[in-house]
Amino acid sequence: MDACSERMILYMHEYLDEDIPEDHKKILEHHLETCRACRQHFYELKKSIFYVQSLPNIQAPPGFASRVMDKLPKEKKRVGARRWVKSHPFLVSTCLFLILMAGGGDFFGMEQPERIFRYEK
Amino acid sequence: MEAIVNRKIKQVMKGDQNAFNDIVEIYKDKVFQICFRMIGSRAEAEDLAQETFIRAYVNIRSFKQERKFSSWLYRIATNLCIDRIRKKKPDFYLDAEISGTEGLTLYSTVPAEGKLPEMQVETLEMQEMIQREILKLPEKYRIIIVLKYIEELSLNEISEMLDIPLGTVKTRIHRGREALRKQLGKL
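Chains Z and F supply the protein sequences, listed in that same order.
Take 0 as the starting number for the first sequence in numbering that gives the first Met the number 0 and just add one per residue.
Take 0 as the starting number for the second sequence in numbering that gives the first Met the number 0 and just add one per residue.
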C-alpha cells in the first residue's frame with residue numbers, strides 16, 4: 000500500500016498545503032486516476048486531517064481569567080488612581096469645582112488641591 | 000480587533016492591570032486549547048495557559064506593536080508546552096494516554112439531539128482516539144499540526160510565529176500528516 004513513489008507523495012502534500020504548481024497538480028491528478036495505491040494513500044491523508052479538524056473547540060475553564068489576575072504582580076497605586084480619575088471625569092471635576100468654590104481665590108497656594116491637579120496630568 | 004488589542008496593550012504597558020484582564024478574556028480559549036491539545040490534560044493545560052499569560056504580562060515591554068499580539072502570545076504558550084513535554088519525556092506516552100482520556104471526557108461536545116446513545120459513545124471514543132494520536136506525534140510535528148488544523152493558522156503565520164523557515168514547517172507538517180495517516184487513515 001505504501002509503494003507509491005516519493006514524488007507523488009510529495010505532490011499530495013503540496014496539494015494539501017494548497018501550494019502546488021499547476022504542472023504537479025496535473026501529473027498528480029493523472030496519476031491518481033490510474034494508481035489505486037496512491038488514491039488510497041491520498042484518501043487516508045485527507046481523512047486524517049478531517050479527523051483532527053473534527054475535534055470540538057475547547058474553552059478555558061470557568062474563572063480562568065480571575066485566577067490569572069490573582070497571580071500577577073501587584074500594579075502601582077498611581078495607575079489605579081489615574082484610571083479612577085479617567086473613569087469618573089464628572090465626579091472629579093465636580094469635586095474640584097466644589098473645593099475651589101469653598102476655598103475661594105487663595106486656594107491654589109495650599110497643598111491639597113495641588114495633589115489633585117497632579118492626578119489630572 | 001487588532002486595534003482594540005493594541006490599545007489595551009498600551010494601557011497594560013503603562014501598568015494598568017484591568018486592561019490585561021480584557022486581554023486574558025479575549026485570548027484565554029485559544030491559549031487553553033493550544034495547551035490542551037499539546038499536552039492532553041486539562042489540569043496541566045490550565046497551569047500552562049496561566050503561566051503563558053503571567054509571562055506575557057511580565058514581559059509585555061518586549062512585545063513589538065508591529066507584530067501580531069496573538070502570534071507573540073501563542074509563541075509563549077507553545078514554548079512552555081514544549082518545555083513541559085521535554086521534561087516529562089521518559090514516562091510521556093503512558094502518561095499522555097491516561098491524562099488525554101480524562102481531559103477529553105470532560106471537554107467533549109454535547110452530541111446533537113436525537114442521536115442514539117451508542118453513537119455518542121462512539122463519537123467520544125473517536126475524539127479520545129484522535130487526541131491520543133496527536134499526543135503520540137513528536138512535539139515538533141505536533142505543534143504544527145495543532146496550529147494548522149486546530150487553530151487554523153496558515154503555514155506562513157506558523158513559520159513567522161515559531162521563527163522557523165517555511166520549508167521546515169512544510170517538511171514537519173508532511174511528516175506529521177504521514178504519521179497521523181498511519182493511525183487514523185485506516186479507521
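Backbone N, C-alpha and C fix where the C-beta goes; we use that ideal spot for every residue, glycine too.
It should be emphasised that the depicted structure is a prediction, and the values quoted were computed from it without experimental measurement.
Please state whether the Cβ-Cβ distance between residue i and residue j is less than 7 Å.
{"i": "residue 148 of chain F", "j": "residue 52 of chain Z", "result": "yes"}
{"i": "residue 53 of chain F", "j": "residue 73 of chain Z", "result": "no"}
{"i": "residue 20 of chain F", "j": "residue 68 of chain Z", "result": "yes"}
{"i": "residue 175 of chain F", "j": "residue 133 of chain F", "result": "no"}
{"i": "residue 30 of chain F", "j": "residue 18 of chain F", "result": "no"}
{"i": "residue 161 of chain F", "j": "residue 152 of chain F", "result": "no"}
{"i": "residue 41 of chain Z", "j": "residue 27 of chain F", "result": "no"}
{"i": "residue 47 of chain Z", "j": "residue 136 of chain F", "result": "no"}
{"i": "residue 180 of chain F", "j": "residue 140 of chain F", "result": "no"}
{"i": "residue 23 of chain Z", "j": "residue 13 of chain Z", "result": "yes"}
{"i": "residue 77 of chain F", "j": "residue 142 of chain F", "result": "yes"}
{"i": "residue 186 of chain F", "j": "residue 168 of chain F", "result": "no"}
I think residue i touches residue j, with their Cβ atoms under 8 Å apart; what is that distance to the nearest whole Å?
{"i": "residue 44 of chain Z", "j": "residue 11 of chain Z", "result": "6 Å"}
{"i": "residue 157 of chain F", "j": "residue 50 of chain Z", "result": "That pair is no contact at about 20 Å."}
{"i": "residue 27 of chain Z", "j": "residue 38 of chain Z", "result": "Not a contact, Cβ separation roughly 11 Å."}
{"i": "residue 138 of chain F", "j": "residue 81 of chain F", "result": "5 Å"}
{"i": "residue 44 of chain F", "j": "residue 34 of chain F", "result": "4 Å"}
{"i": "residue 159 of chain F", "j": "residue 70 of chain F", "result": "7 Å"}
{"i": "residue 55 of chain F", "j": "residue 79 of chain F", "result": "Contact flag wrong, Cβ pair sits at about 11 Å."}
{"i": "residue 32 of chain F", "j": "residue 56 of chain Z", "result": "7 Å"}
{"i": "residue 83 of chain F", "j": "residue 38 of chain F", "result": "6 Å"}
Indicate, with yes or no, if the ligand SAH has a heavy atom lying under 6 Å from the CB of residue i.
{"i": "residue 160 of chain F", "result": "The ligand SAH is not among the ligands present in this structure, which contains no ligands whatsoever."}
- Message: Using 8 Å as the cut-off, can you tell me whether the stretch 57-71 of chain F makes contact with the stretch 9-26 of chain F, which would need three or more C-beta pairs spanning the two stretches below that distance?
- Response: Yes, the stretch 57-71 of chain F touches the stretch 9-26 of chain F.
- Query: Can you list, in chain order, the residues of the stretch 12-37 of chain F whose Cβ is nearer than 8 Å to any Cβ on chain Z?
  - Reply: Answer set for the stretch 12-37 of chain F: 13, 14, 15, 16, 17, 19, 20, 23, 24, 27, 28, 30, 31, 32, 35 and 36.
- Query: When you check each C-beta in the stretch 37-61 of chain Z against every C-beta of chain F, which residues fall closer than 8 Å?
  - Reply: Within the stretch 37-61 of chain Z, the qualifying residues are 40, 42, 43, 44, 46, 47, 48, 50, 51, 52, 53, 54, 55, 56, 57, 58, 59 and 60.
- Task: Give the residues from the stretch 43-72 of chain F that approach chain Z closer than 8 Å (Cβ to any Cβ), ordered along the chain.
- Result: Flagged, chain order: 45, 48, 49, 52, 53, 56 and 57.
- the stretch 129-144 of chain F: which residues have C-beta closer than 9 Å to a C-beta of chain Z, in chain order? From the stretch 129-144 of chain F, only 129, 130, 132, 133 and 144 have a Cβ closer than 9 Å to chain Z.
- Residues in the stretch 17-33 of chain Z with C-beta within 7 Å of chain F's C-beta atoms, listed in sequence order? Residues passing the 7 Å Cβ filter: none.
- Determine which residues of the stretch 167-179 of chain F have a Cβ less than 8 Å from any Cβ of chain Z, and write them out in chain order. Across the stretch 167-179 of chain F, CB contacts with chain Z closer than 8 Å involve 169, 172, 173, 176, 177 and 179, in sequence order along the chain.
- Query: Of all the residues that make up the stretch 150-168 of chain F, which are near chain Z by a beta-carbon distance shorter than 7 Å?
  - Reply: Shown in chain order are the members of the stretch 150-168 of chain F whose Cβ falls below 7 Å from a Cβ of chain Z: 154.
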